[in-house]
Amino acid sequence: MARWRSASYKARERINQRYAPHNDLLHHRTIYCNDLEKNKQFSFKGNSISTTKYNVLTFLPKGLFEQFRRVANLYFLMISILSATPVSPVNPITNAVPLVLVISVSLIKEAYEDWKRFFNDKTINSTMVDVLRDGHWRKLPWRRLVVGDIVKVHKDSFFPADLLFLASTNQDGVCYVETSNLDGETNLKIRKALERTWDYVDEERAKEFQGEIQCEQPNNSLYTFTGNLIIGKQTLPVTPNQLLLRGCSLRNTEFIVGVAVFTGHETKVMMNAMNVPSKRSTLERRLDMLILILFSILFIMCFIDSICSGIFINRKYWYLGLTSDVEDQFNPGNRFLVACLTFLTFVTLFSPIIPISLYVSIEMIKVFQVTQFINKDVKMYHKETNTPALARTSNLNEELGQVEYIFSDKTGTLTRNLMEFFKCSIGGVIYGKGVTEIEKAAARRNGTGIEEMESPAESHEKYFNFDDDRLMRGAWRNEPNPELCKEFFRCLAVCHTVLPEGDELPEKIVYQAASPDEAALVTAAKMFGFFFFRRTPTSIRVRESHVEKIGRMQDVEYEILNVLEFNSTRKRQSVICRYPNGRLVLYCKGADSVIYERLMERHNPFKDTNRDHLEYFGAAGLRTLCLAYRDLDINAYEMWNEKFVQAKSALRDREKKLDEVAELIEKDLILIGSTAIEDKLQEGVPVCIETLAKGGIKIWVLTGDKLETAINIAYACSLMNNGMKQFIINSDTKEIRDVEDRGDALETAQVIERYVAERLNESLRQAVESEQTQTGLELALVIDGRCLMYALDPELRGTLLKLSVMCKAVVCCRVSPLQKAQVTSMIKDGAKKITLSIGDGANDVSMIQAAHIGVGISGLEGMQAVMASDFAIAQFRFLTDLLLVHGRLSYLRISKVVAYFFYKNLMFTLTQFWFNLYTGFSGQRFYDDWFQSLYNVVFTALPVIIVGIFDKDVSITNSRKYPQLYKAGIENIFFRWRILIIWAISAVYQSVILFFFPIKAIEEGKNSSGRMLGLWDAGTMAFTCVVVTVNLRLFLACNFITRWHLISIFGSILAWFIFAFFYSGFRNPLDKQGNIYQVIFVIMGTWYFWYAIVLVPVASLALDFLHEGMRRWFAPYDYHIIQEEEKIKGVERDELLLVESPRQAPEQSLELTGLHGEMSKHTGYSFDSPCFDSFFASQEGVSMSQRSYDIARRASMRVSRRQSSDLGSDSPPPGHNSLI
Amino acid sequence: MKKPIFVYYQLENYYQNHRRYVKSRSDKQLLYGEGASLADTETCKPKQLLDDQPIIPCGLIAWSLFNDTYSFTISGNAVPVNKKGISWKSDRYHKFGNVYPENFPNNLPNNENGSLIGGSSLDLNVPLNEQEDLIVWMRTAALPTFRKLYGRIEQDLKAHTQLTAQINNNYNTYSFRGKKKLVLSTTSWLGGKNDFLGVAYITVGTVSIFLGLAFFIVQWKYPRPLGDISYLSWNQKPATS
């Protein structure tokens, strides 16, 4: 009982979430239009914006604060302060100089960036706009605009604030806006003013406008707006349709007049400008761990030394002058205090163990990688759209080398989002000769002949890839059912929401469509001789060339009475139109499931044939729609229309009511046929996916498409094949549908939940079984969004995760943007793997942001995904280069750089540690201050950067040829603890050699004069050896050597000598102690120097050499072998040859192929519409783009007016289709 | 032993490299004498001032100057020890100036306030850059066991010659149980005998040859053909059928 209750509670909660109203009208703002004084009481925010991070006053404190949030910087600040105290063994300047250097570089960068932002803001704020003040239009800068102002915006200019649209110069009070800044869509949207305000266009009228607006508080939802306009005693509801958003621009309209509703930072677009969370790479986070380890080592060393120093200090060493008044640090009377203070001394002394220049170096390397390699790679340059790859952040380069999971959107990413009318079925006859990629791929898999049936060359119309002599050029008249053909074409030409633009000629017209499917359908109609060329708010004009004589055209005007919009619950769209002869007909197109439900029982003879065709289309990966019509009786229509108008003006649940009303008339349909549209794959996608899969990357497809389409696409891109065991978890089963039909949402939820749990557990059991039996069977999981919703519940999540990581391919279909992000997070957080999301549309934004790396597809329309992404590429196939070449190399380089930094700082500090074991733990420095501080920033800085930029294990060609090399990154071969431990061992060994060799060697006289050398001689000698060794170590670490390597490595060594000569050649006025004065000349005058400089580096590098040699010999890395191969066979220079490497021979056994066709008895219905996403969005509380079907609204508004006059004369004789 | 024979003293457990000790000097004062300001000699504490007058040379290092003296005889005949040129030229010319010792505590008749007396006194009439014992002493040693050049015997000593050394044991190492040693040594152009570097060279060389041989044998017995892609990790695991 309790269990049931908890389950039902959860389900109810879910339902509540789904239907929760997302607008809170309780808190609203009131605006008095055109009344400055009255609005003042509310003190709305002004219209000036500022996106800068700092201002003149806050720059220094805030900027410094930002800098010192980096632990390393803060640490060095503390060290610098500490070194100014007497406990310090070093000069404070020497610690401060590198810190100041590092911080000022960063600050200058910040200041420059902020200055650019400031300048940008200034330009925007001083853009001029016409504002109505004191009864006249005044040109004012944007920043002076206030809420309630009436403004005039001219053609092609941007809206200065969120405006309530009052009037426009266009007839019917409409205007066209371009929203590409907001959502990246370039097609124009229509906005329509309230009829009541249409005439406030000119100055005279506008200044009389008095009204009160009550509307919601500023929020970031771009697609919702609720409010009322109160004029006099009239209260008019206002909707997003009357709202002109800042960021959009006015098109095709001379000017408009509007009232500012939200200004400045309160505008929707500004509220939307969220801070993109900055991502840090996993390697960088591991780097923090490394730093922490270094800190612990530091702490341990300091602790040991300070304890010992407390024990050591003793008055018996009389020469130390430890008299009674000795300072605390050496006072043997208080050993505890001695230990504490000496601890601080050692912290200062050993501070170089934390590599201050590491972050700066890595940043430089990454910026170089980004600007010189990734952004300039010809292989990732898309010629057609002139789009190079773009890395929008340089933080994540090396992350690209460790990606294990790719989450890909389908439309626009894997496919071109180019819909081509491909086939159709009219009256039970199938038309169209084309062969889809999927069919070709299937044929290839089957081994049957690949007929290279290229699409007919003549029909190179965009959206149209169809050829069949039976239909083209008017030939359809000779078909068995010409009347039905005519209905088919008319339905295509009339039932849509497309806007024609440009000249009204078939060649020149451009269709602005809400979805490419629609454009394809209307284009198809055009090609069949039903040229839709003009749309007015109430009618559609079609130039028909079907009449008796070929070549004779006739313009026919269809009056559009109602448009019943498409949405994803309805899955259909209807238009009620009236022929010139008065025939009243409803055309409907939609998913097969919904259309079939609404067909008339009789009079549909080819229902079954059509279903077969739909299945065939679906199997071929085509997107299908069913077309149907219904002749309407005028009286019935009028009765219905009343209800419709009522629903239309309902204030609450308008959408729901409209759906219900539509249901009443969309019935008893007569099936015409079905269309099949091909969703073209992007170039090179299958090859790319195969290559990535070989590299150990798992690719998941997350799509809003329906199950079968998604599976088909997965097949087409070689993601899934018939050799795989497939687990399909789909909510679209009969059981669930039955429960749903009963209408009990609660029960439905429970049933689905139980079903999902069962399926998941069962699948997991089978998966584990197949894993254990070692059949090597690859697994694939297909799950739909609805099941996913339950599967992502905490209880099932673990099961889902376990199952999905066992699968080679996972396809999630019908998922909402939020679910895309949830799935991504599940792998990211649950499986702790590196994830990459790639997508092109606004619906991918959340997923792109959720993943470790977000990749946006750039070049075509839509900037939202790109704006949210970390990398932008023009084509999916460029992922191969981005990951296998750039990512892999970046990972290799950065991990090498970090390991090297770790080694060189550890080693350097250890030599000082060994030394202090012999100085009575006093914290005496072995090297001079300046040696120590310049060690990191000068003597060893550049070569490692060069290696970080240029190092390359195998040629680019072989990186592509052997995608398996990428696995090293996934398994983190080059930066795992084992590697670091080896580096650490090497550091310890080298430090021992580098300390003891020089210092032991000077126990005797070092030349014929018999004179002895001292502390500073040994220190300088050791330091020289350190610089030489550390720099030469890079030769062992890097895979190949260019002249840059040579220049930087030997340059650094030379820099040390030059510095040493200067430093010991001149007395340093700042330095009270001239310890190093003349030292280098003394030691260089001894043979000891020259012998040691050869022996010590050789001896210290011997261990590394041995290790590298053994590694290569006995346990070679894969890249070692490929390097050898390159050495023997030579490197192929022509890297272009391998970009599109030939497909590997199919490995599946023959009996398995063909399975696919039988399995997917689906009909391929899909109709991409942004509404689909917004449907989910409203469910999940995420607001997504929603194109308003403005035309439909306009049309329906007009209907009510004209009805009375028109209806009487036009009684359509049913069944009469001809117009004349 | 061929001339020159170098006379060294060796101290053990003597921390000339202790931080407090190393910094307790003023290079400016050593070069410029009274020209050095009070701030310049700050590091010399606690041997900076004596009776509010600056000590020249100041600091613990100078104050603790080694003061044992050695003299040698062969069958009663004195063997002269040349104490010139025992320091590095650069020290004499660049680090120590023509500065005369002044107010040096060790030169006081006795420890005036009962505190410890340091090491050797200095000849107040000889400038510091000629006081080579001090110069040698002040080139502080790197390790607690160190040798410093005392002087040179510039005559050959035949084998089986009995050399008598007379040592004035002035320098106090008893308190910290430090050992003192007297070393006679000749050098070649490479430096002293029993060279650490020489041993190191031979060791490193031997190890290298040995490893080279080991590698050779392994490659001879179990050769791995270079660049054989069948050794690639993904080619080794037989593909699951």
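First to last, the protein sequences are chains A and B.
For reference, each letter of the first sequence is one residue, going 1 to 1220 in full-length UniProt numbering.
For reference, each letter of the second sequence is one residue, going 1 to 241 in full-length UniProt numbering.
Glycine included, C-beta positions come from ideal geometry on N, C-alpha and C.
Residue i: first and last residue of the uninterrupted beta strand (DSSP E) it sits in
i, result
"A/Tyr558", "Gln554 to Leu564"
"A/Pro500", "Leu499 to Glu501"
"A/Cys33", "That residue, A/Cys33, is in no beta strand (DSSP E); it is neither H nor E in DSSP."
Residue i burial status per 10 Å Cβ neighbour count (16 or more: buried)
i, result
"B/Ala214", "exposed"
"A/Trp476", "buried"
"B/Ile209", "exposed"
"A/His154", "exposed"
"A/Leu803", "buried"
"A/Met1021", "buried"
"A/Arg1201", "Annotation note: pLDDT 37 at A/Arg1201 (below 50); position unreliable, coordinate value reported separately. Answer is exposed; the Cβ neighbour count stays below 16."
"A/Gln1144", "Low per-residue confidence applies at A/Gln1144: pLDDT is 31, beneath 50, and the placement is therefore not dependable enough to give any value."
"A/Ala591", "buried"
"A/Pro21", "Here the model assigns A/Pro21 a pLDDT of 40, short of 50, so the residue's position is not dependable and the matter cannot be decided."
"A/Asn73", "buried"
Sub-8 Å separation of residue i and residue j beta-carbons
i, j, result
"A/Leu779", "A/Met806", "yes"
"A/Ala193", "A/Ala161", "no"
"A/Ile231", "A/Gly258", "no"
"A/Ser858", "A/Leu400", "no"
"A/Leu36", "A/Gly148", "yes"
"A/Glu398", "A/Leu283", "yes"
Rounded C-alpha distance that separates residue i from residue j
i, j, result
"A/Leu344", "A/Asn331", "16 Å"
"A/Gly621", "A/Ile752", "28 Å"
"A/Leu664", "A/Lys279", "52 Å"
"A/Ser83", "A/Ile353", "15 Å"
"A/Asn34", "A/Glu660", "41 Å"
"B/Val218", "B/Gly227", "18 Å"
"A/Pro218", "A/Thr263", "9 Å"
"residue 294 of chain B", "B/Tyr171", "Residue 294 of chain B is absent from the model: chain B starts at 1 and stops at 241."
"residue 1222 of chain A", "A/Thr799", "Because chain A is modelled from 1 through 1220, residue 1222 of chain A falls outside the range shown and cannot be assessed."
"A/Ile150", "A/Pro537", "27 Å"
"A/Asn936", "A/Pro98", "9 Å"
"A/Gly673", "A/Ser890", "54 Å"
"A/Val756", "A/Gly432", "40 Å"
"A/Trp137", "A/Lys379", "54 Å"
"A/Val1139", "A/Tyr579", "Bear in mind that a pLDDT of 31 at A/Val1139, under 50, signals an unreliable position, so the model cannot answer this."
"A/Leu1207", "A/Asn581", "Interpretation of A/Leu1207 is limited by its pLDDT of 36, a score under 50 that renders its predicted location unreliable; no figure is taken from the coordinates."
Residue i: first and last residue of the uninterrupted alpha helix (DSSP H) it sits in
i, result
"A/Thr748", "Ala745 to Gln772"
"residue 1237 of chain A", "Because chain A is modelled from 1 through 1220, residue 1237 of chain A falls outside the range shown and cannot be assessed."
"A/Asp929", "Asp929 to Leu934"
"A/Cys485", "Pro482 to Val494"
"A/Pro817", "Pro817 to Ser825"
"A/Phe878", "A/Phe878 -> no alpha helix (DSSP H), and no H or E assigned at all."
"A/Asp679", "Note, A/Asp679: premise wrong, no alpha helix (DSSP H); beta strand (DSSP E) at Ile670 to Leu681."
"B/Ile61", "Leu60 to Trp63"
Short CB-CB distance (under 8 Å) between residue i and chain E
i, result
"B/Phe176", "No chain E appears in the structure shown, which is made up of the protein chains A and B."
Notebook entry, point to check: Do the region 677-690 of chain A and the region 415-430 of chain A touch if we need at least three Cβ pairs shorter than 8 Å?
Noted result: yes
Checklist line | the region 704-721 of chain A contacting the region 822-832 of chain A, beta-carbon criterion three pairs below 8 Å | finding: no
Next item on the list: Report yes or no: do the region 180-198 of chain B and the region 326-340 of chain A share at least 3 C-beta pairs separated by less than 8 Å?
Entry: no
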